[in-house]
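The sequence shown lines up with residues 527 to 1193 when you count with this note's numbering.
Idealized CB from N, CA, C, for every residue including glycine.
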Amino acid sequence: MTGSTEDYAPHPHIGGRAAALRALAAWRGAVPGVPRVVALTGASGSGRSRLLTGFLMLCEPEFRKRLPVEEMDPSTVPPELPAPAVPTPAGLTAAQVLWLLADHYELNATGVEGVYAELAAVEEPVTVVVPDVDRAGPVRGAGEPARLVREVLAPLAATGTVRLLAELPRPLAAELAAGLPAGTVQIIDLDEPEWADPEGLVLHAQAALDPEFGAPELPYTVDPATRLALGAAIGRRAGTSPLVVQLAVNCVLMAPEGFDPADESRLPTSVGEALDLHAGRLGFEPQTLRLLLAPLALAEAEGIPVQLWARLASAVAGRDMGEAFAGGMLLVGPFVQPVEEESGPSVQAEERESGLSVQAEEQRTGPEGGARTLLRLLHPAIAEEIRAGLPSVRAAQTQIAMALLEAVPEQDWSKADPYVRDHIAGHTLEAGLLPQLLTDPGLFVHADPVPLRAAIEAVPPGELGAPARTYLRTAPLLTRTQAPAVLRAALLETAFVEDGLPDHADALHRRLGLELPWQTLWSLPVAGVSDVTVGSLPRSEGPAVPVAVLVVPADTPGAHPVGEASGSAVLVHGLVGTDDLGDADPALILRPSEEERTAAPLGLSRGADYLRVWDRASEEVVAALISATPFTAADLSPDGILLLATERGVKALRIRPADPTDPTIAS
């Protein structure tokens, strides 16, 4: 193994990489002269994630006890220290990664700048390891890895008290280093001769071919001389890529027929060659295998449900790929990894306690429930190779998006496969079609708000229509509350009314089959409301008109001054409708008496950012409302119309009595 001697045991997880382990151990030990920032990089498939995982095993005190540390080269073993902070960014936004770090160090900061300031003031060493930067973000096409580098890693690296180790693609490693003073950062590129590990690749191949470690018994695996020679040939051909070694072994073990271990030219030197050689040996055109794998190369999140795979492959190919699928796992197996997605009883119990069980479980497993099998590619480098070979990624994503839309039963998003409704936005984003998709309130309600929000935020604001802008404004509250569909619908219904989109608000009541916990009667974008009161305005004929009285600044248009020096005024607005009551005399308005309020079936309690409407008879909460902006005033009419004010203005909601176990949320 490069840079080590045979007198020491190798790292049991890595089996080599001694030179790189030495450099990482020196960084962890803060050896004088070693830069405090390390960028671990290399081509996709170079083994950087595996190396970092093995290094972190040595840094975690409890796991370290399970390793033969005393038998390993001391220069490759970091000193015994507390485990570093490891905010893993896979699937997360840059902001989420930063707040993971803030939580780890129990910081009190409420803003981004405060996080860095507090980290700079922490007394103990601040050691941060960020793996898998390339997997950041809920949506692949949103560019989250670059944002993570610019908005989080670069400021961390510039903070003198922080020792940072980041595992990231080569272009992002260069960008991170370019913004730092000379001598601050060390780049460890695993494809460079200084850090490569050719001996380790050979040992990796030889071990993977050994029946003692699980390989099937074949002529070239049971015979030691043949096995060692084949492993050496695979390692030589793979260059610096452990992934190519793994794919070469997978292919010859999964489909051994027709393989000649003596023909070294049939061993791959790259991921692309591994694909093409395997397809050719099984009698298929290489392009056929690539088309079968294309949907997985373009997939979002953890992978594509197995039942959608053939449909999407045919869509990308522009023809029926059913015959190719008859080749089964022998053709695609070396490159594909199945994932069983199933929730345990403890997770379901937690969701039931939070009122999220039914909707959350449907989003995870589909309306029918049960486990789901997802398929994903064995490694992101395979996806990169396949995407690079497509005539047009945008066109392929367009075909996938159309096929996903066709897979929505009766165009009812509540019946759609969870992958379709939660990740169609990612596909349409890369196809350049997302703005056209963002008009259906049903999608807004039923899609997971985390990836949908990330996809919408990646679209230039000028390309978004009014409904999408409303969704984007509401999305932080949707993600914060993790609200199920009925509560998302209620939030969006109010937001649509606030933004002057009554047709979209009405659609949420009429089309989706959901019993919303309230109906937003009206919204008034008036600033500076300090108090609100419900009341009634007597008329000379007929019943009194229910009204809302709003205390506003004296210069508010249409308001009636209150006193000469108070600086306040009142606006009178119809409580139920949009009656023009600008000429109403506030002095004539009657407020509900205490007896009327006490006799009403519903009561109201209020905090800074929440309101609760509760049933007086049972004392159970029937509606719990929170707001992205603080409430400034609220009142509840005896017949259940909630009048509330925030910094955005005033609105009136007709509360529908609800099951107290299903809390209501509003913005």
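Check, Outcome
"So, for G1175: in the same chain, excluding its five sequence neighbours on each side, which residues have a beta-carbon less than 8 Å away from its beta-carbon?", "E1024, S1049, L1050, P1051, V1052, A1053, V1055"
"So, under 8 Å CB-CB, A839 and P821 are touching, yes? Tell me the CB distance rounded to an integer number of Å.", "5 Å"
"If you scan the region 890-966 from start to end, which runs of the alpha helix (DSSP H) of 4 or more residues do you find wholly inside it?", "906-915, 919-932, 944-957, 960-963"
"Using CA coordinates, which residue listed in P657, F589, T636 is at the minimum distance from A611?", "P657"
"Contact between the region 1092-1101 and the region 1133-1141 is defined here as three or more beta-carbon pairs at a separation below 8 Å; is this criterion met?", "no"
"Round the Cβ separation of V1058 and A921 to the nearest angstrom and send it over; I've been treating them as touching at under 8 Å.", "That pair is no contact at about 54 Å."
"For S1066, count the other beta carbons within 10 Å of its own beta carbon; 16 or more makes it buried, fewer makes it exposed. Which is it?", "exposed"
"For L691, I'd like the list of residues in its chain whose CB is within less than 6 Å of its CB, leaving aside the five on either flank, ordered along the chain.", "V564, V655"
"Determine the burial state of K1177: buried for a count of at least 16 other Cβ atoms within 10 Å of its Cβ, exposed for fewer.", "buried"
"Thinking just about the alpha-carbon of each residue, which of P1043, L1097, P664 is nearest to the one in A1080?", "L1097"
"Taking only the alpha-carbon atoms, compute the straight-line gap between G757 and R666 and give it to the nearest angstrom.", "35 Å"
"Can you say whether G1026 is buried or exposed, counting buried as having 16 or more other CB atoms within 10 angstroms of its CB?", "exposed"
"So does the region 894-908 actually touch the region 809-829, counting three or more Cβ pairs closer than 8 Å?", "yes"
"If you scan the region 709-734 from start to end, which runs of the alpha helix (DSSP H) of 4 or more residues do you find wholly inside it?", "724-734"
"Any C-beta of chain D sitting closer than 9 Å to the C-beta of A565?", "Protein chains in the displayed structure number just one, and chain D is not present."
"State yes or no: is the C-beta of M598 within less than 9 Å of the C-beta of H539?", "no"
"Counting Cβ pairs closer than 8 Å, one from the region 599-606 and one from the region 546-559, do we hit at least three?", "yes"
"Which residues does DSSP list as the beta-bridge partners of D1141?", "L1128"
"Applying the criterion that 16 or more other CB atoms from any shown protein chain within 10 Å of the CB defines a buried residue, is L1116 buried or exposed?", "exposed"
"Applying the criterion that 16 or more other CB atoms from any shown protein chain within 10 Å of the CB defines a buried residue, is G663 buried or exposed?", "buried"
"Quick one: what's got a C-beta closer than 7 Å to P787's C-beta in the same chain, skipping five residues either side?", "Y746, T752, L756"
"So is L1004 buried or exposed if we call it buried at 16+ other beta carbons inside 10 Å?", "buried"
"With a threshold of 7 Å on Cβ separation, who are the neighbours of Y534 within its own chain once the five nearest residues in sequence on each side are excluded?", "E597, M598, D599"
"Would you mind listing the alpha helix (DSSP H) stretches within the region 541-588 that are 4+ residues and don't spill past its ends, in chain order?", "544-554, 574-585"
"Return the CA-CA distance between L817 and M847, expressed in angstroms with no decimal places.", "9 Å"
"What does S1094 pair with, by DSSP beta-bridge criteria?", "P1079"
"Please say whether A1126 and G1166 have beta carbons closer to each other than 9 Å?", "yes"
"Skipping 5 residues on each side, what residues in its chain have a beta carbon closer than 8 Å to that of V595?", "L584, V603"
"V858 by DSSP, collapsed to three states: which one?", "helix"
"Could you check what DSSP says for G663 in three-state terms: helix, strand or coil?", "coil"
"Please identify the residue among P935, L834, H1030, A544 whose C-alpha is closest to the C-alpha of F851.", "L834"
"Does the Cβ-Cβ distance between T795 and S572 come in under 9 Å?", "no"
"What are the start and end residues of the beta strand (DSSP E) that includes A1171?", "1167-1172"
"In angstroms with no decimal places, state the Cα-to-Cα distance between L716 and V858.", "28 Å"
"Does the region 905-917 come close enough to the region 926-946 that 3 or more CB-CB pairs lie under 8 Å?", "no"
"Could you check what DSSP says for F1157 in three-state terms: helix, strand or coil?", "strand"
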